[in-house]
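Colleague:
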DNA sequence: CGCGCCATTCAAAGCGCTTTGGATCTGTTT
DNA sequence: AAACAGATCCAAAGCGCTTTGAATGGCGCG
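Residue numbers (the numbering used here), protein chains in the order written: chain L, 9 to 374; chain G, 9 to 374.
See below:
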């Protein structure tokens with residue numbers, strides 16, 4: 009814990025902030041208007057059974073009429089719960105990419121939070137002290153639970169959160185962690201295995217991979233899946249065909265370009281992200297090659313709202329799984345575990361669809 | 009206001025939630041350990057001057073040692089402030105795109121919030137009742153201020169927030185609103201005017217526009233800027249060359265494809281987003297045309313972390329302005345107005361850079 | 001009639017923090 | 001020496017809600 013350099017608490021003689029006299033209607037006022045006790049009004053609004061139905065209706069109408077909303081800080085304090093779920097987004101200065109998948113995941117999760125009365129709190133953490141953030145979140149009572157994004161193969165956040173006894177759901181998994189915990193993940197291995205098998209069935213034997221950073225768990229599994237398909241077909245993966253890096257358009261482009269420069273380039277590639285696949289297409293265009301005819305491409309497609317894979321006919325053959333849906337499921341799972349803390353950890357494994365588009369075709373004749 | 013269908017308050021006989029006995033260290037305990045009053049401990053930690061420096065150090069050490077963090081709900085209640093800034097993301101079911109720019113903006117703003125001791129609260133609102141959300145936020149004291157995303161030309165949120173007396177900063181502007189308010193915006197008009205002038209200087213006369221939805225303020229201004237450049241050169245914009253739609257890869261592709269099918273297609277296009285520009289490139293590739301040589305392309309580039317415009321040589325000629333930086337500036341502006349509520353509204357107009365890349369060239373000979 | 005039993009309602013005690021309005025103790029001033 | 005000022009510290013009163021434990025009133029029943 010460090011006492012922040014830039015924020016020193018409420019003492020600020022220069023800009024004396026008028027402590028907002030909260031002009032909003034409060035419980036006391038409302039109960040006086042109604043000629044009822046605060047207890048009864050509170051219970052009426054919170055659905056307790058020991059209040060007469062007539063009274064409840066009267067209270068609800070009055071609340072609506074006077075635009076009463078319980079103060080959230082007071083509720084948090086009194087209930088000992090924050091009704092808030094935290095998302096921590098690490099953003100080191102080296103690796104300062106915001107995961108493009110993030111916005112859609114959040115949108116899915118946020119839908120469910122709203123429906124269940126939870127708030128979403130986002131924390132952008134730009135240094136190494138991510139651990140401190142979690143400890144803080146716990147000890148200040150800022151959140152009732154946490155979503156863990158972008159797990160590594162042996163992610164230290166998982167044991168930490170377990171130790172802190174803060175409910176959490178991982179979006180993804182951590183292969184090297186044995187103890188049970190809650191997660192929601194796509195079956196990355198099977199998706200890429202099927203992609204590989206599909207390419208093999210088209211006659212491809214020289215199959216490349218443009219993967220995400222392989223200390224990320226999802227990338228590790230995708231590689232394993234593809235390699236499994238190749239090896240099952242008696243093919244030893246060619247190291248020159250295996251690329252891993254941040255999943256940007258540029259990296260996709262550069263990786264494809266590098267492979268095209270080989271003596272015997274692959275006839276097909278599997279790409280770990282739609283954005284990288286756009287870069288692959290650019291590299292092919294620059295080389296005067298056409299997708300499907302010259303090089304087959306399969307991409308993973310997170311079904312992002314702003315990057316749809318074509319309207320009617322898909323542009324790319326793809327393994328598709330909606331990350332927004334994963335957001336919804338993660339939110340529901342977390343909420344259910346917050347409200348039922350003794351339940352055993354649960355998880356959900358989603359299967360990606362293999363969508364046939366116009367970026368794959370039979371292996372070209374030599 | 010409506011009492012949510014799905015969430016009925018704390019009464020839930022089935023899943024009796026153990027009200028977390030908040031095992032964390034609190035102020036009372038800490039003050040007892042130190043043999044001081046809660047007052048003094050609180051003041052010591054909050055930087056008040058009337059506590060002896062020796063005492064302050066002793067308190068800080070003890071706080072650190074016992075891992076004391078003030079409970080956030082209690083602080084909110086006592087201070088009458090939430091130290092939270094709200095971002096409301098509308099997401100109607102028809103128009104269910106998550107703005108791809110959003111993640112980077114949030115990352116920029118979040119950096120500043122963390123540095124200044126504020127939390128960020130995201131609300132995804134999927135129906136029409138966005139107005140209720142703002143009223144709620146105000147009357148529950150959930151947030152101290154709000155960032156308004158994606159303003160329309162005459163955005164009803166602005167007068168609403170003014171009426172509610174809730175500090176806010178608009179990311180963008182609303183052309184039709186006269187009353188002053190805080191905003192941070194790129195000079196969209198000047199950016200697209202310069203883009204137009206640059207194309208004119210290369211000899212282009214048939215210049216197209218692939219714009220965002222033109223009820224969005226930014227899109228309206230971009231169009232105005234481009235049209236101004238054309239008209240200044242004595243060119244009346246051809247309606248067939250003016251497209252507006254959601255800024256997706258597919259729409260960019262379709263708009264370009266439509267223009268290429270004209271008897272006299274444009275020799276250059278200005279595109280309102282990088283993602284749409286990728287679609288434009290695809291349309292050109294499919295038509296066997298090359299960027300720069302056959303058709304010049306200029307795009308607006310928000311400098312998204314996951315969509316960089318090339319590493320060394322930019323792929324596209326572009327008007328560039330970092331949306332992440334806009335996030336930082338918006339956050340700083342909002343915080344300064346929250347802490348100094350009487351200050352007159354301020355705003356910041358950012359100029360985009362015109363970056364010359366390899367997607368533009370002289371007009372082809374007929 | 002007197003008793004117990006629901007069904008309702010309420011007063012008051014927190015939740016953990018900030019802040020007001022002194023109190024106490026030095027040291028300084030007249 | 002009395003009075004005052006400044007530097008520290010404190011007890012207690014909130015902030016607005018939830019929840020405990022008890023009171024109230026109506027009603028049926030022996």
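Think of the CB as a built atom: it goes at the ideal place given N, C-alpha and C, for glycine as much as any other residue.
Model, not experiment: these values are computed from the prediction.
Which residues share a DSSP beta bridge with residue 304 of chain G?
Modeller: Numbered from 1 along the second chain, position 296 holds the residue referred to as residue 304 of chain G. Looking at the DSSP assignment, residue 304 of chain G forms a beta bridge with G/276.
Colleague: Relative to the C-alpha of residue 272 of chain G, which candidate in G/214, G/233, G/316, G/255 has its C-alpha closest?
Modeller: Position 264 of the second chain, counted from the first residue, corresponds to residue 272 of chain G. For residue 272 of chain G, the nearest C-alpha among the options comes from G/214.
Colleague: Check whether chain L comes within 7 Å of residue 85 of chain G, counting only Cβ atoms and requiring the distance to be less than that.
Modeller: Looking up residue 85 of chain G in the second chain gives position 77. Yes, contact with chain L.
Colleague: Sorted by chain position, which residues of the same chain lie with C-beta nearer than 7 Å to residue 299 of chain G's C-beta, five sequence neighbours on each side aside?
Modeller: In the second chain, the residue the question calls residue 299 of chain G occupies position 291. If we look at residue 299 of chain G and ignore the five residues flanking it on each side, its Cβ neighbours are 289, 292, 305, 367.
Colleague: Note down the Cα distance separating residue 240 of chain G from residue 219 of chain G, rounded to an integer number of angstroms.
Modeller: Taking the second chain and counting its residues from 1, the one referred to as residue 240 of chain G is at position 232. Taking the second chain and counting its residues from 1, the one referred to as residue 219 of chain G is at position 211. Rounded to whole angstroms, residue 240 of chain G to residue 219 of chain G spans 20 Å at the Cα level.
Colleague: What does DSSP give as the partner residues of residue 361 of chain L in its beta bridges?
Modeller: Your numbering for residue 361 of chain L matches position 353 in the first chain. Paired residue(s): L/328.
Colleague: Using a Cβ-Cβ cut-off of less than 7 Å, list which residues of the stretch 253–283 of chain G approach chain L; keep chain order.
Modeller: Those residues of the stretch 253–283 of chain G that come within reach of chain L (Cβ to Cβ, closer than 7 Å) are 256, 257, 258, 283.
Colleague: Does DSSP put residue 177 of chain G in a helix, in a strand, or in coil?
Modeller: Position 169 of the second chain, counting from 1, holds the residue named residue 177 of chain G. Note: residue 177 of chain G maps to strand in three-state DSSP.
Colleague: Should residue 129 of chain G be labelled buried (16 or more other beta-carbon atoms within 10 Å of its own) or exposed?
Modeller: Taking the first residue of the second chain as position 1, residue 129 of chain G is located at position 121. Residue 129 of chain G comes out buried.
Colleague: Check whether the stretch 131–150 of chain L and the stretch 352–361 of chain L are in contact - that is, three or more C-beta pairs closer than 8 Å.
Modeller: The stretch 131–150 of chain L is not in contact with the stretch 352–361 of chain L.
Colleague: Can you confirm whether the stretch 244–251 of chain G touches the stretch 181–192 of chain G when touching is taken to mean that 3 or more C-beta pairs between the two stretches lie within less than 8 Å?
Modeller: With the cut-off at 8 Å, the stretch 181–192 of chain G and the stretch 244–251 of chain G do not touch.
Colleague: From which residue to which residue does the beta strand (DSSP E) around residue 156 of chain G run?
Modeller: As a first step, residue 156 of chain G is located in the second chain; it is residue number 148 there, counting from the start. Element bounds for residue 156 of chain G: 153–156.
Colleague: Grouping DSSP H, G and I as helix and E and B as strand, with all else coil, what is residue 59 of chain L?
Modeller: Here residue 59 of chain L refers to the residue found at position 51 of the first chain. Residue 59 of chain L: coil per DSSP, three-state reduction.
Colleague: Which of the three DSSP states is assigned to residue 256 of chain L in this structure?
Modeller: One-based indexing of the first chain puts residue 256 of chain L at position 248. Coil at residue 256 of chain L, not helix or strand.
Colleague: Where does the unbroken alpha helix (DSSP H) through residue 194 of chain G begin, and where does it stop?
Modeller: Within the second chain, the letter at position 186 stands for residue 194 of chain G. It is not in any alpha helix (DSSP H) - residue 194 of chain G instead sits in the beta strand (DSSP E) that spans 190–194.
Colleague: From the DSSP secondary-structure annotation, give me the bridge partner or partners of residue 224 of chain L.
Modeller: As a working mapping, residue 224 of chain L is identified with position 216 in the first chain. Answer by DSSP bridge pairing, in chain order: L/160.
Colleague: Measuring only the C-alpha atoms, how far is residue 94 of chain G from residue 110 of chain G?
Modeller: As a first step, residue 94 of chain G is located in the second chain; it is residue number 86 there, counting from the start. As a first step, residue 110 of chain G is located in the second chain; it is residue number 102 there, counting from the start. For residue 94 of chain G and residue 110 of chain G, the distance between alpha carbons rounds to 14 Å.
Colleague: Could you name the residues of chain G that residue 154 of chain L contacts, counting a contact when the two beta carbons are closer than 7 Å?
Modeller: Looking up residue 154 of chain L in the first chain gives position 146. Near residue 154 of chain L there are no residues of chain G at all, since even the closest Cβ is about 14 Å away, more than 7 Å.
Colleague: Going by beta-carbon coordinates alone, are residue 35 of chain L and residue 46 of chain L separated by less than 7 Å?
Modeller: By 1-based counting over the first chain, the position of residue 35 of chain L is 27. By 1-based counting over the first chain, the position of residue 46 of chain L is 38. Yes.
Colleague: By the three-class DSSP mapping on this structure, what secondary structure does residue 74 of chain G have?
Modeller: Residue 74 of chain G sits at position 66 when you count from the first residue of the second chain. The answer is coil: DSSP assigns residue 74 of chain G none of H, G, I, E or B.
Colleague: Using the Cα positions of residue 24 of chain L and residue 49 of chain G, report the straight-line distance between them to the nearest angstrom.
Modeller: Walking along the first chain from the start, residue 24 of chain L turns up at place 16. Walking along the second chain from the start, residue 49 of chain G turns up at place 41. Per-residue confidence for residue 24 of chain L stands at a pLDDT of 44, beneath the threshold of 50, marking its modelled position as unreliable; the derived number appears in the next sentence. Distance between the alpha carbons of residue 24 of chain L and residue 49 of chain G is about 21 Å.
Colleague: What does DSSP give as the partner residues of residue 217 of chain L in its beta bridges?
Modeller: Residue 217 of chain L sits at position 209 when you count from the first residue of the first chain. In the DSSP output, where bridge partners are listed per residue, residue 217 of chain L has L/250, L/278.
Colleague: When the Cα atoms are used, what is the spatial distance from residue 44 of chain G to residue 83 of chain G?
Modeller: Numbered from its first residue, the second chain carries residue 44 of chain G at position 36. Numbered from its first residue, the second chain carries residue 83 of chain G at position 75. Each residue's Cα considered, the two are about 20 Å apart.
Colleague: In whole angstroms, what separates the C-alpha of residue 296 of chain G from that of residue 225 of chain L?
Modeller: Position 288 of the second chain, counted from the start, is the residue given in the question as residue 296 of chain G. Position 217 of the first chain, counted from the start, is the residue given in the question as residue 225 of chain L. Those two C-alpha atoms are separated by around 40 Å.
Colleague: Hey, would you say residue 79 of chain G sits closer than 7 Å to residue 149 of chain L, going by beta carbons?
Modeller: Your numbering for residue 79 of chain G matches position 71 in the second chain. Your numbering for residue 149 of chain L matches position 141 in the first chain. In this structure, residue 149 of chain L lies closer than 7 Å to residue 79 of chain G by Cβ.
Colleague: Out of curiosity, what's the CA-to-CA distance linking residue 244 of chain G and residue 216 of chain G?
Modeller: Along the second chain, one-based indexing puts residue 244 of chain G at 236. Along the second chain, one-based indexing puts residue 216 of chain G at 208. Distance between the alpha carbons of residue 244 of chain G and residue 216 of chain G is about 12 Å.
Colleague: Using a cut-off of 9 Å between C-beta atoms, extract the partners of residue 131 of chain L located in chain G.
Modeller: As a position in the first chain, residue 131 of chain L is number 123, starting the count at 1. Simply 118, 121, 122, 127, 128.
Colleague: Measuring CB to CB, does residue 160 of chain G end up less than 7 Å from residue 134 of chain G?
Modeller: Along the second chain, one-based indexing puts residue 160 of chain G at 152. Along the second chain, one-based indexing puts residue 134 of chain G at 126. Not closer than 7 Å, so no.
Colleague: Name the residues in the stretch 61–83 of chain L whose C-beta lies less than 7 Å from a C-beta of chain G; which are they?
Modeller: Listed by position, the residues of the stretch 61–83 of chain L near chain G (Cβ gap below 7 Å) are 68, 72, 75, 77, 78, 79, 80, 81, 82.
Colleague: Do residue 278 of chain L and residue 234 of chain L have their C-beta atoms closer together than 7 Å?
Modeller: Your numbering for residue 278 of chain L matches position 270 in the first chain. Your numbering for residue 234 of chain L matches position 226 in the first chain. Yes, the Cβ-Cβ distance between residue 278 of chain L and residue 234 of chain L is below 7 Å.
Colleague: Quick one: grab the DSSP three-state call for residue 367 of chain L.
Modeller: Counted from its first residue, the first chain places residue 367 of chain L at position 359. In the structure shown, residue 367 of chain L sits in coil (DSSP, three-state: anything other than H, G, I, E or B).
Colleague: Identify every residue that forms a DSSP beta bridge with residue 356 of chain L.
Modeller: On the first chain, position 348 is the one that residue 356 of chain L refers to. For residue 356 of chain L, which the question treats as bridged, DSSP gives the partners L/192.
Colleague: Below 6 Å CB to CB, which residues in the same chain sit around residue 253 of chain G once its five sequence neighbours on both sides are set aside?
Modeller: The count along the second chain starts at 1 and reaches residue 253 of chain G at position 245. Taken in chain order, the residues that qualify are 259.
Colleague: Going straight from the alpha carbon of residue 33 of chain G to that of residue 121 of chain L, what length do you get?
Modeller: Translated into positions along the second chain, residue 33 of chain G becomes position 25. Translated into positions along the first chain, residue 121 of chain L becomes position 113. Roughly 29 Å separates the two Cα atoms.
Colleague: Is the distance from the Cβ of residue 365 of chain G to the Cβ of residue 325 of chain G below 7 Å?
Modeller: In the second chain, counting from the first residue as 1, residue 365 of chain G sits at position 357. In the second chain, counting from the first residue as 1, residue 325 of chain G sits at position 317. Contact flag set, yes.
Colleague: Unbroken alpha helix (DSSP H) runs of length 4 or more, entirely within the stretch 100–134 of chain L: which are they?
Modeller: Those alpha helix (DSSP H) runs which fall completely within the stretch 100–134 of chain L and span 4+ residues are 110–124.
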